[in-house]
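Contents: one structure, followed by commentary.
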DNA sequence: ATCGATACTGCATTCGAATGCAAATGTCAC
DNA sequence: GTGACATTTGCATTCGAATGCAGTATCGAT
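Residue numbers (our numbering), protein chains in the order written: chain E, 571 to 920; chain P, 571 to 920.
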């Protein structure tokens, strides 16, 4: 004995085939109003226990699922976060992406992915982000100050991953302490002639690590450091090793600002320059990416605490989504020195 | 001299601060109807040139952007495709992901990413996919027959990437010809004692490659092949190499069904078993992933034509989105044999 | 001047769910 | 039985853009 139905749409008598069921369909079949159905799927909405059960039963029977688009349109909450990542620059990228994606899923947030290639039109990507009304954005790609400013204008919370901007919160791995540990590790092993494989001058982390390494070396009185710039790729590390060798002759140690370049450098040193690692040359990297720990490399590096960093990035973003006035914290994480066999270690005094 | 406005919403006199502009705002300021604004942003909609220009000018001035949610709700087209990928199983995954993402962006389609870990609840992911009314799905993850069937029920086009299902179109790299080439390459070099590092029995591509390799070997009269199963990870390749060595003693060649396992095997052979590659042992893989071409490995492998495969997957999906009756093609691509220094090559007869 | 064809333009409705408000119902005390 | 109060429930509106339909303007041909 269905109660009287007064909803406009409830008057249709049958459900067309092939259309996906809506809350009105559930309402009609269960003999309740559309609002009741809606309230069944909202947390702490006011709805009687008996009615709730009936509605849920009907919903399950006809396979009803709330339409995320309609929900988002009316509630102004999409439960979608955009992830902006530059593809390929870094070995470390797939890991970060997978972790961020997992952390977001845990919180029932969907991921709209923007994977940038070199020629990507970042402003076009931002345009899409605005159109889709995402709840927030995590960016591990370079954004100009003007671009970062747009986020504030559009009131879209932004968290930067291994980047900085004065106006936005960020999560980073401390380059200074990381490079200092690496340099100390190398100095302790008695190395004095250093080479540095840095990144493109416009890369934030690249420059930060470069400067941190140079500073740590300078502090120890090592001022004369051969440097060659790469672009974070394997090949560029390979080429940079050759360049260093040509320019500076015999070196004790090479510091690369990323694992992938360090790996390229190791291959160049061993295979082309006929150097044994670590006997003739020590090589260190940065990131602690998977391949760095493969047997052929066993790279001494600084492992970024990806799990903690992604946790923090997501937590910060969610906080700012929930409370727009939350402060724009900049969190710095300390990486762990992974000592591998790609660098000599200090001989303990017996 | 604005024309008379009769639109309901146009009567509000001022635009509240901080709200993002809607088509009504543009309409009000430009003195036209909301429909006119809408038509300005639709291709081949009927709208006068002068009016179009005026509207676009106003829209640009106030920074109007169509709301993708509202567009999707009414037009039943989200321009979003869900990408389902299992994270981490494969070195090759980040490349496929980046390529698919690039191909979709070129066609002005957004990507909703679902990166599956081992414990992921696939049915939960599908549930989210239905709720978000995506236009289509590309899956490079394992789906049960029942799950594939749901796509038909929900009328969501699906294209499988390196997987198969009778009911769905797919894009794959031919394991049979690939493994045959590898086997022929190894046989030509005079190898007779073979080891095989296969994948988990429930992996489709893994089994396909395994069976193809065994068949090619059997055809050449090699029936006795030592086999050890891995899980596609570096470590499992490493362990499998040890297992093969223990079980079968000296081998001429090891065929791994993925590059990552081949790399793990190479490291185990060289570093633990003290074998020279390719003098004492040839190793081949499959995929042609980036690290396979690093100097330390220079792996003989079959390179999947990622670019062509992702192109095809996206083209097939778009076709099926546009025309639901398009046939469910299964496209097979042939990989290219990359001959590296990880496997001996036939000595040419002088 | 009239008719028809063609190109614009606006009105009103639609997509599907959420929610403020008011009405209805239920509960309990006295 | 009455009043005070809390809990359910439904109505009507809202989010923002697309679109069928009908109406208007323009122009050329007759």
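Even for Gly, the Cβ is constructed at its ideal location relative to N, Cα and C.
Would you tell me roughly how many angstroms separate the C-alpha atoms of residue i and residue j, rounded to the nearest one?
| i | j | result |
| --- | --- | --- |
| residue 884 of chain P | residue 674 of chain P | 7 Å |
| residue 664 of chain P | residue 737 of chain E | 31 Å |
| residue 700 of chain E | residue 635 of chain P | 8 Å |
| residue 633 of chain P | residue 693 of chain P | 40 Å |
| residue 822 of chain E | residue 850 of chain E | 7 Å |
| residue 619 of chain E | residue 608 of chain E | 14 Å |
| residue 697 of chain E | residue 721 of chain E | 11 Å |
| residue 684 of chain P | residue 677 of chain E | 14 Å |
| residue 630 of chain P | residue 882 of chain P | 37 Å |
| residue 672 of chain E | residue 689 of chain E | 28 Å |
| residue 868 of chain P | residue 653 of chain P | 31 Å |
| residue 660 of chain E | residue 828 of chain E | 8 Å |
| residue 591 of chain E | residue 639 of chain E | 14 Å |
| residue 669 of chain E | residue 878 of chain E | 10 Å |
| residue 641 of chain P | residue 651 of chain P | 16 Å |
| residue 601 of chain E | residue 625 of chain E | 9 Å |
| residue 585 of chain E | residue 595 of chain E | Bear in mind that a pLDDT of 49 at residue 585 of chain E, under 50, signals an unreliable position, so the number given afterwards is only what the model happens to contain. Each residue's alpha carbon lies about 7 Å from the other. |
| residue 712 of chain P | residue 784 of chain E | 48 Å |
So with CB distances below 9 Å, who are the chain P contacts of residue i?
| i | result |
| --- | --- |
| residue 697 of chain E | 635 |
| residue 672 of chain E | 657, 685, 687, 690 |
List the residues of chain P that residue i touches, going by C-beta distances under 7 Å, in chain order.
| i | result |
| --- | --- |
| residue 861 of chain E | 861 |
| residue 727 of chain E | Ordered by position in chain P, no residue passes the 7 Å Cβ test against residue 727 of chain E, which lies about 15 Å from the chain. |
Report the neighbours of residue i on chain E: residues whose CB is nearer than 7 Å to its CB, in chain order.
| i | result |
| --- | --- |
| residue 865 of chain P | 837, 841 |
| residue 833 of chain P | 864 |
Any beta carbon of chain E sitting closer than 8 Å to that of residue i?
| i | result |
| --- | --- |
| residue 594 of chain P | no |
| residue 647 of chain P | no |
| residue 680 of chain P | yes |
| residue 642 of chain P | yes |
Does the ligand SAH have a heavy atom nearer than 7 Å to the CB of residue i?
| i | result |
| --- | --- |
| residue 642 of chain E | Judged by which ligands are present, the structure shown has none, so any question about the ligand SAH falls away. |
Residues of chain E with CB closer than 9 Å to the CB of residue i, please, in chain order.
| i | result |
| --- | --- |
| residue 703 of chain P | 590, 637, 638, 639 |
Determine, using beta carbons only, whether residue i comes closer than 8 Å to chain P.
| i | result |
| --- | --- |
| residue 579 of chain E | Caution is warranted here: a pLDDT of 40 is assigned to residue 579 of chain E, below 50, making its placement in the model unreliable, and the coordinate value is therefore given only provisionally. So, not an interface residue. |
| residue 872 of chain E | no |
| residue 585 of chain E | Summary for residue 585 of chain E: the model assigns pLDDT 49, below 50, so the residue's position carries little reliability; its value from the coordinates is reported in the next sentence. With 8 Å as the cut-off, residue 585 of chain E does not count as an interface residue toward chain P. |
| residue 909 of chain E | no |
| residue 912 of chain E | no |
Quick one: which chain P residues come within Cβ less than 8 Å of residue i?
| i | result |
| --- | --- |
| residue 663 of chain E | 664 |
Worksheet entry | Entirely enclosed alpha helix (DSSP H) segments - the region 784-852 of chain P, minimum 4 residues | 804-818, 829-837
Fill in: Contact residues within the region 793-825 of chain P, judged by C-beta distance below 8 Å to chain E
804, 808
Worksheet item: Taking Cβ-Cβ distances below 7 Å as the criterion, which residues of the region 604-627 of chain E are in contact with chain P?
Response: none
Item to complete: With a floor of 3 residues, list each beta strand (DSSP E) that falls wholly inside the region 707-737 of chain E, ordered by position along the chain.
Response: 728-731
Item to complete: Using a Cβ-Cβ cut-off of less than 9 Å, list which residues of the region 709-724 of chain P approach chain E; keep chain order.
Response: 723, 724
Item to complete: Ignoring anything shorter than 4 residues or poking outside the region 628-716 of chain P, list the alpha helix (DSSP H) runs there in chain order.
Response: 638-645, 663-676, 692-701
Worksheet item: What beta strand (DSSP E) runs, 3 residues minimum, are completely inside the region 866-894 of chain E?
Response: 871-873
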